[in-house]
Amino acid sequence: MTHTNLTIRTFRTVRIFVHTIIGLIVASAVLPLVNVQHQRSLIQWWCGGLLRAFHIQVKTFGNLPSAKTQGVMFVANHVSWADIHALNGLIPLRFVAKSDIKSWPVFGYLVTKANTLFIDRSKRQAAGRIVETVSNSLIAGDNLCYFPEGTTTDGTHMLPFKSSVLQAAINAKTHIWPVAIRYINADGSINTEMAYAGETTMIESMKLIVMQKNAIVELHFLAPIQAFSGDRRALTDVAFAAIKAKLAL
8 MTHTNLTIRT
18 FRTVRIFVHT
28 IIGLIVASAV
38 LPLVNVQHQR
48 SLIQWWCGGL
58 LRAFHIQVKT
68 FGNLPSAKTQ
78 GVMFVANHVS
88 WADIHALNGL
98 IPLRFVAKSD
108 IKSWPVFGYL
118 VTKANTLFID
128 RSKRQAAGRI
138 VETVSNSLIA
148 GDNLCYFPEG
158 TTTDGTHMLP
168 FKSSVLQAAI
178 NAKTHIWPVA
188 IRYINADGSI
198 NTEMAYAGET
208 TMIESMKLIV
218 MQKNAIVELH
228 FLAPIQAFSG
238 DRRALTDVAF
248 AAIKAKLAL
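Just add 7 to the spot in the sequence shown (first one is 1) and you have the working numbering.
Written as structure tokens, this is what we have:
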């Protein structure tokens with residue numbers, strides 16, 4: 008792994024700090040004053056800008072969504088906090104995420120202001136309400152993204168997908184769109200330093216990424232899966248198999 012020198016790291020850190028301050032101002036003072044379409048555009052702009060500040064290059068492959076894509080549930084493997092920004096920088100998305108993301112320093116606040124739907128896995132009785140809320144959001148035309156692993160990995164393997172939230176796609180009679188996320192080095196090998204997993208803290212993760220000379224994230228958009236009917240476990244297994252095969256894990 009090739010790392011950057013101190014001058015470049017300092018420049019990136021200052022750029023990230025400034026962009027984060029801008030994000031906090033936009034989230035607290037601008038988003039409440041504009042309509043949904045402008046909110047989505049601002050969030051998309053900010054997420055893309057954050058990746059550029061970190062010098063993370065995004066490469067896309069496959070069946071890419073268009074500006075006309077509506078009411079679709081994207082499902083993806085989960086490696087880093089940067090997953091959210093890479094996807095949101097490409098297409099405005101509403102994320103379904105675990106509630107402890109709220110506690111992430113700074114980014115937890117920004118994700119909350121981006122209209123994220125939070126899941127409290129400690130409360131089983133909340134599952135039905137979450138499915139109903141997600142389903143209604145899809146029917147209203149929102150594009151949602153869900154990480155069915157429920158946590159992050161270092162990118163060298165995948166965890167089993169949880170199926171409960173995918174019931175919302177069946178209820179909304181829409182599509183599930185699998186996305187395979189991979190962070191690589193310049194030579195094509197898996198870049199585990201991009202992962203926000205295990206005991207790594209948010210600050211440690213950010214430091215590791217700032218140090219990298221060539222940070223690359225690949226987003227592989229696979230064939231959408233019809234979820235008009237059927238068993239949610241079967242649909243979940245199909246999505247899992249498609250992503251796992253693309254990543255060759």
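Beta carbons: idealized from backbone N, C-alpha and C, even for Gly.
Quick caveat, the model's predicted, so the values are computed rather than measured.
Q: Jot down the residue ranges of each uninterrupted beta strand (DSSP E) in the segment 100–149, minimum 3 residues, whole runs only, in chain order.
A: 101–105, 124–126
Q) Hey, is the segment 28–42 in contact with the segment 58–65, meaning 3+ C-beta pairs nearer than 8 Å? A) no
Q. Where does the unbroken alpha helix (DSSP H) through W52 begin, and where does it stop?
A. Taking the first residue of the sequence shown as position 1, residue 52 is located at position 45. Run containing W52: 43–61, per the alpha helix (DSSP H) assignment.
Q) Taking the alpha carbon of L151 as the point to measure from, which residue in P72, E211, L13, V245 has its own alpha carbon closest? A) For the purposes of this step, residue 151 is taken as the residue at position 144 of the sequence shown. Measuring from the Cα of L151, the nearest candidate turns out to be P72.
Q) Roughly how many whole angstroms lie between the Cα atoms of A234 and L242? A) As a first step, residue 234 must be located in the sequence shown, where it is residue number 227. As a first step, residue 242 must be located in the sequence shown, where it is residue number 235. Roughly 7 Å separates the two Cα atoms.
Q: Under 8 Å by Cβ, that's how I've got I188 and D90 pegged, so tell me the actual separation to the nearest angstrom.
A: As a position in the sequence shown, residue 188 is number 181, starting the count at 1. As a position in the sequence shown, residue 90 is number 83, starting the count at 1. Contact holds; Cβ gap of about 6 Å.
Q.
So F154 and H85 are supposed to be a Cβ contact under 8 Å. How far apart are they, rounded?
A. Along the sequence shown, read from residue 1 onward, the residue named residue 154 stands at position 147. Along the sequence shown, read from residue 1 onward, the residue named residue 85 stands at position 78. Sure, about 4 Å apart at Cβ, within 8 Å.
**Q.** Cα-Cα separation between R16 and E211, rounded to whole angstroms
**A.** Translated into the one-based positions of the sequence shown, residue 16 becomes position 9. Translated into the one-based positions of the sequence shown, residue 211 becomes position 204. If you take the alpha carbons of R16 and E211, they lie about 14 Å apart.
Q. Ordered along the chain, which non-local residues of its own chain (more than five positions away) have a Cβ less than 7 Å from that of T199?
A. By 1-based counting over the sequence shown, the position of residue 199 is 192. Once the five neighbours on either side are set aside, the close Cβ partners of T199 are D161, G162, T163.
**Q.** Where A222 sits in the DSSP three-state scheme
**A.** Working through the sequence shown from its first residue, we reach residue 222 at position 215. DSSP places A222 in strand when its eight states are reduced to three.
Q.
Using DSSP's beta-bridge definition, name the partner residues of V245.
A. Here the question's residue 245 lines up with position 238 in the sequence shown. According to DSSP, which records beta bridges pairwise, V245 is partnered with nothing at all.
Q: In angstroms with no decimal places, state the Cα-to-Cα distance between G205 and L166.
A: The residue you call residue 205 lines up with position 198 of the sequence shown. The residue you call residue 166 lines up with position 159 of the sequence shown. Roughly 13 Å between the two C-alpha positions.
Q) Which stretch, first to last residue, makes up the beta strand (DSSP E) that contains E93? A) Indexing the sequence shown from 1 puts residue 93 at position 86. Position check: residue 93 holds Ala in this sequence, whereas Glu was assumed. From DSSP, A93 is part of no beta strand (DSSP E) but of the alpha helix (DSSP H) over 89–95.
Q.
Between which residues of its own chain and A176 is the CB-CB distance below 6 Å, once the five residues before and five after are set aside?
A. Locating residue 176 in the sequence shown gives position 169, counting from the first residue. Result list for A176: M80, I183, A234, in chain order.
**Q.** Alpha-carbon spacing of S171 relative to L145, whole angstroms
**A.** Looking up residue 171 in the sequence shown gives position 164. Looking up residue 145 in the sequence shown gives position 138. Near 15 Å, if we compare the C-alpha coordinates of L145 and S171.
Q: With DSSP as the reference, label K75 as helix, strand or coil.
A: Position 68 of the sequence shown holds residue 75. In this structure, K75 counts as coil in the three-state DSSP scheme.
Q: Mind checking which residues open and close the alpha helix (DSSP H) that includes V186?
A: Mapped onto the sequence shown, residue 186 falls at position 179. Counting along the chain, V186 falls outside any alpha helix (DSSP H), though it belongs to the beta strand (DSSP E) covering 182–191.
Q.
Under DSSP, the beta strand (DSSP E) around F81 begins and ends at which residues?
A. Mapped onto the sequence shown, residue 81 falls at position 74. Counting along the chain, the beta strand (DSSP E) containing F81 begins and ends at 80–83.
Q. From D149 to Q77, what does the alpha carbon distance come to, in whole angstroms?
A. Taking the sequence shown and counting its residues from 1, the one referred to as residue 149 is at position 142. Taking the sequence shown and counting its residues from 1, the one referred to as residue 77 is at position 70. Taking the straight line joining both Cα atoms gives about 6 Å.
Q. Pick from L256, T123, M218, R239: whose alpha carbon is nearest that of T12?
A. Your numbering for residue 12 matches position 5 in the sequence shown. The sequence given here places Asn at residue 12; Thr does not occur at that position. The residue with the shortest Cα to Cα distance from N12 is M218.
Q.
I need the DSSP call for K66, collapsed to helix, strand or coil.
A. The residue you call residue 66 lines up with position 59 of the sequence shown. Three-state DSSP puts K66 in a strand.
Q: Grab the span of the beta strand (DSSP E) containing A151 for me, first residue to last.
A: Taking the first residue of the sequence shown as 1, we reach residue 151 at position 144. First, the residue type needs correcting, since residue 151 is Leu and not Ala in the sequence shown. 151–153 is the span of the beta strand (DSSP E), which, as asked, contains L151.
**Q.** CB of T159 within 8 Å of CB of S87, strictly
**A.** Translated into positions along the sequence shown, residue 159 becomes position 152. Translated into positions along the sequence shown, residue 87 becomes position 80. Yes. Within cutoff.
Q. Start and end of the alpha helix (DSSP H) containing I29?
A. Looking up residue 29 in the sequence shown gives position 22. Taken as a continuous stretch (DSSP letters only), the alpha helix (DSSP H) holding I29 covers 13–32.
(Q) Quick check: the Cα distance between R47 and D244, rounded to an integer number of angstroms? (A) To locate residue 47, count along the sequence shown from 1; it is residue 40. To locate residue 244, count along the sequence shown from 1; it is residue 237. Taking the straight line from one Cα to the other gives about 31 Å.
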